[in-house]
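For reference, the structure discussed in these notes is given below.
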Amino acid sequence: MDIFNEWPITTTLLLSIFSILVYNILRSNMPSKAKLPPSPPKLPILGNLHQLLGKPRHEALWQLSKQYGPIMQIHIGSKHFLIISSPAMAKQIMKTQDHIFCSRTYLKASEQLTYNFKDIAFSPHSAHWREMRKILVSEFLGPKRAKLSKRVLVTETESMIRALSLHPPNTEVNLSSMLFEIVKQMVCKVAFGTNYRQQPLKGPSLDAMIDEANELLNGSIGDSFPYIGFLIDQFSGWNRRLDDGFRNLDAYIDTIINDHLKDNLEEISEEDKDFVHTLLDMSKENASGYRLTNADLKALVMDVLTGGIDSTVLTLTWLMSEIMKNPRVMQKLQSEIRNCARGIQSVQDMNTTKMTYLKMVVKESLRLHTPAPYLIPHVSLSHTQVSGYDVFPSTIVLINAWGIARDPSVWGENAAEFYPERFENHDGDIGWDRFDMLPFGGGRRSCPAKNTAPANVEFVIANLLYWFDWGPPSGMKSEDLNMENKGIPVLKRKVPLRLVPTKHN
Ligand code: HEM
Ligand SMILES: *[C@@H]1O[C@H](CO)[C@@H](O)[C@H](O)[C@H]1NC(C)=O
Ligand SMILES: *[C@@H]1O[C@H](CO)[C@@H](O)[C@H](O)[C@H]1NC(C)=O
Ligand SMILES: *[C@@H]1O[C@H](CO)[C@@H](O)[C@H](O)[C@H]1NC(C)=O
Ligand SMILES: *[C@@H]1O[C@H](CO)[C@@H](O)[C@H](O)[C@H]1NC(C)=O
């Protein structure tokens with residue numbers, strides 16, 4: 004039963020009455036001398052919601068910021084947002100005042116899916132968050148796991164290249180699904196080792212579960228409109244969807260952990276241990292009395308599944324789309340790769356260290372296709388001032404990474420063009436400590452994989468372009484390739500990428 008669709012008028016009326024109440028309460032609590040950031044006119048209760056409808060949210064916000072400036076305030080229901088739309092303001096938030104803007108907001112879905120905020124990505128700023136982040140960096144992403152990660156990367160890339168060479172000539176492959184598959188295998192084999200199960204014992208497929216989790220983490224009506232929103236979530240079936248989504252993933256993770264518990268940890272060498280083995284080791288009390296709880300362990304696995312796969316797949320898929328659409332770049336890139344790797348015998352010999360143009364192409368792709376258009380929202384811990392305006396505690400900050408990275412006033416006339424050469428003048432800087440593009444966010448909440456993820460992307464792309472030439476589907480010109488996206492929370496391609504590989508000898 005979908006009350007929201009069946010009685011839109013009743014719902015709107017209720018929302019309005021409720022908003023007027025909240026609005027008046029909020030107004031009476033507002034300190035009178037505060038200097039607030041500019042804000043578009045709002046309706047009672049609904050706030051600025053009506054100005055955001057009909058367009059993807061990051062685009063609507065970008066348009067409003069053209070009118071109200073790079074620091075702007077909006078309301079949706081009971082929530083206050085600070086909207087940031089320039090590199091200078093982004094730097095204020097994620098560098099100068101990083102210690103204040105380093106928390107996360109409450110969402111019903113993030114609470115449940117992270118075992119009550121035991122994870123990294125959604126947990127508020129705390130000692131627990133710091134500990135979990137340290138564990139992910141040293142035990143999943145760090146040098147300790149580098150050998151296993153490289154082995155898995157090579158094996159999975161090899162099997163993709165093999166599958167491609169067996170593919171009938173002059174026919175399309177579904178590159179979207181192929182790239183999803185390879186990244187999922189990579190992440191899961193490093194995390195779960197030989198105990199990786201392609202599919203859960205029952206319920207929806209692993210792919211469907213990951214998709215569903217990401218959609219749930221987009222938030223619900225109840226997150227913005229307390230009380231009435233809760234009822235809407237209840238009657239629209241959203242609460243049930245969240246329960247089911249969580250239960251399915253939780254059961255899958257339980258199965259994986261139980262399989263690991265059957266392994267004899269003492270018999271496995273440090274080098275062969277996977278991420279879950281190590282986490283189980285850490286679940287035993289150590290000398291200083293610290294131990295990882297079961298919920299901590301599961302929350303970490305959940306973060307790896309929801310944070311590690313989609314973002315990397317998206318990056319690979321958009322990169323292949325862009326170079327397909329830009330034959331000049333494809334040609335230049337391919338000749339760099341074939342020169343540097345001349346004569347290699349297997350996937351494993353591919354070394355991207357000296358492929359400078361490839362690194363620029365990856366960067367340009369991450370600029371135009373920032374996977375998370377306004378990052379994972381940062382939240383303020385205390386009262387502060389930004390650019391002379393008061394910002395109150397618990398303000399949700401949306402940093403419009405999508406808009407900043409495409410802004411002609413930041414990137415020049417050709418901002419919309421895919422032009423990797425623009426990075427030639429950046430002193431070979433391939434770090435991410437800049438605020439004119441933010442594919443990995445910034446500050447202490449930035450993506451912990453920002454130093455390792457690009458190298459994996461480079462390796463896969465270098466192999467795809469070394470062993471094969473690529474063409475558009477038959478009957479289509481490469482400039483006609485559809486580049487639309489599906490909209491937030493992450494900007495996936497609207498239609499799967501299908502290309503024709505031809506073996507190169
Ligand atoms: C190309 C690949 C990737 C991209 C573009 C990407 C992008 C991002 C972005 C934009 C954020 C939010 C940063 C912020 O709020 O300021 C983030 C956070 C995060 N990412 Fe990634 N990510 C990628 C790969 C990965 C991988 C492989 C993992 C791990 C398995 C990962 C784990 C995380 C975690 C745990 C956070 C939360 C950090 C925190 O809140 O402290 N990401 N990522
Ligand atoms: C291609 O793969 C995607 C992702 O797995 C899938 O959703 C889609 O149905 C596939 N499309 C075609 C035409 O095979
Ligand atoms: C996520 O939320 C935004 C705005 O709140 C909405 O426009 C979008 O359609 C949602 N995406 C999904 C997949 O539910
Ligand atoms: C126990 O584990 C915690 C968390 O990993 C760590 O910070 C601490 O240093 C460890 N103590 C000892 C004595 O190993
Ligand atoms: C890749 O090449 C660089 C120098 O060109 C070298 O230092 C590095 O060890 C090589 N990496 C591998 C894995 O062979």
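In my numbering, the protein residues as written are 4 to 508.
Note that beta-carbon positions come from the ideal geometry of N, C-alpha and C, so glycine has one too.
From a predicted model like this one, the values you see are computed outputs, not experimental measurements.
Inter-residue spacing [alpha-carbon to alpha-carbon] between residue i and residue j
i	j	result
Lys506	Lys497	28 Å
His381	Asn51	20 Å
Leu234	Trp241	10 Å
Leu317	Pro374	7 Å
Ile224	Ser338	51 Å
Leu369	Pro442	6 Å
Met363	Asn466	17 Å
Val493	Ala344	34 Å
Gly490	Thr158	33 Å
Ser397	Gly222	17 Å
Ile96	Ala418	24 Å
Asn488	Ser88	21 Å
Gly431	Glu274	Because Gly431 carries a pLDDT of 48, less than 50, the predicted location of this residue cannot be relied on, and the following value inherits that uncertainty. When rounded, the distance between both Cα atoms is 34 Å.
Asn508	Trp470	7 Å
Glu416	Lys453	28 Å
Thr355	Arg154	16 Å
Asp247	Leu308	17 Å
Tyr269	Thr281	At residue 269 the sequence reads Glu, which differs from the Tyr that was named. So the alpha carbons of these two residues sit roughly 11 Å apart.
Leu220	Ser449	18 Å
Val365	Ala91	24 Å
Gln54	Ile231	21 Å
Pro482	Arg447	Correcting the residue identity first, residue 482 is Glu in this sequence and not Pro. Whole-angstrom Cα-Cα distance: 40 Å.
Pro411	Glu114	39 Å
Lys357	Phe395	48 Å
Trp65	Leu264	50 Å
Asp226	Ile79	10 Å
Contact test: residue i Cβ vs ligand 2 heavy atom, cutoff 7 Å
i	result
Phe183	yes
Residue i Cβ short of 7 Å to ligand 1 heavy atom set
i	result
Ala93	no
Cys191	no
Asp343	Note on identity: in this sequence residue 343 is Cys, with Asp being the wrong assignment. It does not: the Cβ of Cys343 is nowhere closer than 7 Å to a heavy atom of ligand 1.
Ile123	yes
Pro90	no
Ile379	yes
Ser477	no
Asp306	yes
Thr315	yes
Gly311	yes
Gly445	yes
Ser141	no
Val493	no
Ala419	no
Pro146	no
Thr318	yes
Ser449	yes
Arg136	yes
Ala465	no
Any non-hydrogen atom of ligand 5 closer than 7 Å to residue i Cβ
i	result
Asn354	yes
Lys2	Because the chain spans 4 through 508 in this model, residue 2 falls outside it and cannot be assessed.
For this session: Tell me, please, whether the region 196–205 touches the region 255–274 by the rule of three or more beta-carbon pairs shorter than 8 Å.
Result: Yes, the region 196–205 is in contact with the region 255–274.
Problem set entry | Stretch pair the region 415–427 + the region 134–144: three plus CB contacts closer than 8 Å | no
Exercise. Would the region 340–350 and the region 146–163 be scored as touching if the rule is three or more Cβ pairs under 8 Å?
Worked result: yes
Exercise. Near ligand 2, which residues have their beta-carbon closer than 5 Å to a heavy atom?
Worked result: Asn177, Ser179, Ser180, Pro499
Problem set entry | 4-residue-minimum alpha helix (DSSP H) runs that sit fully inside the region 129–199, ordered along the chain | 130–139, 149–169, 178–195
Exercise. Which parts of the region 440–488 are runs of the beta strand (DSSP E), unbroken and 3 residues or longer, counting only runs that do not cross its ends?
Worked result: Listed in chain order, they are 471–474.
For this session: Please list the segments of the alpha helix (DSSP H) lying wholly inside the region 31–91, counting only runs of 4 or more residues, in order along the chain.
Result: 52–55, 60–71
Exercise. Can at least three beta-carbon pairs, one atom from the region 126–140 and one from the region 294–306, be found at a separation below 8 Å?
Worked result: yes
Problem set entry | contact_flag[the region 122–131, the region 281–297] where n(CB pairs < 8 Å) is 3 or more | With the cut-off at 8 Å, the region 122–131 and the region 281–297 do not touch.
For this session: Please specify which runs of the alpha helix (DSSP H), each continuous and at least 4 residues long, are wholly inside the region 194–256, giving them in chain order.
Result: 209–219, 224–227, 231–238
Exercise. Can you list, in chain order, the stretches of the alpha helix (DSSP H) that have 4 or more residues and sit fully within the region 377–442?
Worked result: 404–408, 411–414
For this session: Give a yes or no on contact between the region 324–336 and the region 179–197, applying the rule of three or more CB pairs nearer than 8 Å.
Result: As far as the Cβ criterion goes, the region 324–336 does not touch the region 179–197, which means the pair count is below three.
Exercise. Is the region 392–410 touching the region 112–129, taking contact as three or more C-beta pairs under 8 Å?
Worked result: no
For this session: Within the region 294–371, note down every full alpha helix (DSSP H) run reaching 4 residues or more, in order along the chain.
Result: 297–311, 313–328, 330–343, 359–371
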